[in-house]
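For reference, the structure discussed in these notes is given below.
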Amino acid sequence: FRLRRTEIKLSGEIKPEVAWAVMIDPAAVREDDTKSEVLNETKVIISTGRKSALQDLVITFKPYANFSVDVGQYKIPFGMEGIESSAKLDFAERSALCTKFKWSDVRDIGVALRGNWETEGVKIQPVVGMFNGEKQNRLDVNDSKDFAGKLVVKPFDALHLGVSHYNGKSGTNEIDEVRTGVEMKFAIDPISIYGEYADGKGGGKNKQTYYVTAGYKFLDNWQVVARYDWYDPDTDKKDDERNETTLGVNYFIEKHNAKIQLNYIRAGEKGTKVDDDIVRLNVQVSY
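Under the numbering used here, the first residue of the sequence shown carries the number 538, and numbering increases by one thereafter.
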């Protein structure tokens with residue numbers, strides 16, 4: 538048994554041009570909240586962010602209807618599934634892009650500029666941001682800043698196309714963190730088809746991953762979903778690719794605000810076979 542999330546969010550407007558949001562997750566609190574780093578030839582103790590329950594703390598300035606500026610800690614603009622609210626996921630857990638590589642569904646401290654335009658029925662949503670590059674609740678430990686950008690185009694409501702890029706350095710050794718991703722989603726009730734592909738470099742290794750998902754809703758409250766998720770944690774190393782095939786059933790008691798999810802995950806890997814298939818049950822409420 539696991540308390541996966543207990544996210545508590547407060548938000549509001551000071552005036553129409555200034556908004557704020559704070560979110561904490563007590564279930565995410567971890568031990569070992571400090572570590573030592575050598576910074577400019579001096580040993581310093583810094584926070585790893587693991588013990589803090591703070592998820593988001595953001596102030597949004599909206600000088601124009603189609604343009605805004607976010608300042609604080611929040612999810613970096615990379616990927617599609619990772620940016621989606623945890624309450625609205627089709628599966629109990631996100632794909633390897635988020636859970637294994639930690640390339641999406643990642644929070645950091647920084648500033649981002651966001652646009653939202655529509656021309657002749659086509660929606661265009663660009664985002665560009667600058668961040669510390671050390672993830673949530675952590676101070677910067679090098680002289681570099683990380684940059685993230687994303688562009689989403691929606692030719693019509695049912696089709697979502699996007700591309701993301703991240704470029705930065707992490708740690709006192711300034712290890713390269715570079716990746717590019719593409720995303721697509723087509724959804725017309727009761728059918729949804731979507732997926733993502735990303736490759737890049739992280740932790741000193743070249744990596745690749747993709748997933749494809751299909752879903753079908755029926756009888757108002759039910760949905761069946763399937764996902765094939767593939768990832769290679771080191772493309773320079775042979776026989777370390779892995780994949781997970783997930784079959785799931787969702788029962789919506791009150792849409793995504795109250796639902797039960799049952800997943801069966803069939804794991805596959807090259808080389809020695811490991812018995813690591815999973816059955817996962819998720820019970821969730823959101824209000």
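Heads up, the beta-carbon is just placed ideally off N, CA and C, and yes, glycines get one too. Just so we're clear, the structure is a prediction, and the values are computed from it rather than from any experiment.
- Judged by DSSP in its simplified three-state form, K682 adopts coil rather than helix or strand.
- Comparing C-alpha distances from Q821 to each of G705, F723, A624 and E618 shows the shortest one belongs to A624.
- Taken in chain order, the complete beta strand (DSSP E) segments of 3 residues or longer contained in the region 601-643 are 604-612.
- Counting only runs of at least 3 residues, the region 691-759 fully encloses the following beta strand (DSSP E) elements, listed from N- to C-terminal order: 696-707, 712-725, 728-739 and 742-755.
- For I646, the beta-bridge partners assigned by DSSP are Q610.
- Annotation for V555: the continuous beta strand (DSSP E) segment containing it runs V555 to I561.
- Its chain contains G752 as the residues whose beta carbon lies nearer than 6 Å to that of S729, once the 5 sequence neighbours on both sides are disregarded; these appear in chain order.
- For R764, the closest alpha carbon among the candidates P553, D627 and N743 is that of D627.
- Around D773, the same chain offers K742 and N743 as residues with beta carbons nearer than 8 Å, after the five sequence neighbours per side are excluded.
- With contacts defined as CB atoms closer than 9 Å, R716 and K682 fail to qualify as a contacting pair.
- Of all alpha-carbon atoms in N710, N704 and L650, the one lying nearest the alpha-carbon of N679 is that of N710.
- The DSSP-derived three-state label of A590 is coil.
- Rounded to the nearest angstrom, the gap between the Cα atoms of L634 and T746 is 6 Å.
- Ranked by Cα distance from E657, the options K754, E630, L594 and V690 are led by V690.
- Less than 9 Å divides the Cβ of A685 from the Cβ of P614.
- Within the model, the alpha-carbon separation for V700 versus L688 is close to 6 Å.
- Secondary structure note for V659: its beta strand (DSSP E) is the uninterrupted segment V659 to F668.
- Under the DSSP assignment, F538 falls outside any beta strand (DSSP E); it carries neither an H nor an E label.
- Listed in chain order, the non-local C-beta contacts of D771 below 8 Å within the same chain comprise K742, N743, K744 and D777, local neighbours out to five positions each way being set aside.
- Three or more pairs of CB atoms, one per stretch, sit closer than 8 Å, so the region 638-654 contacts the region 665-672.
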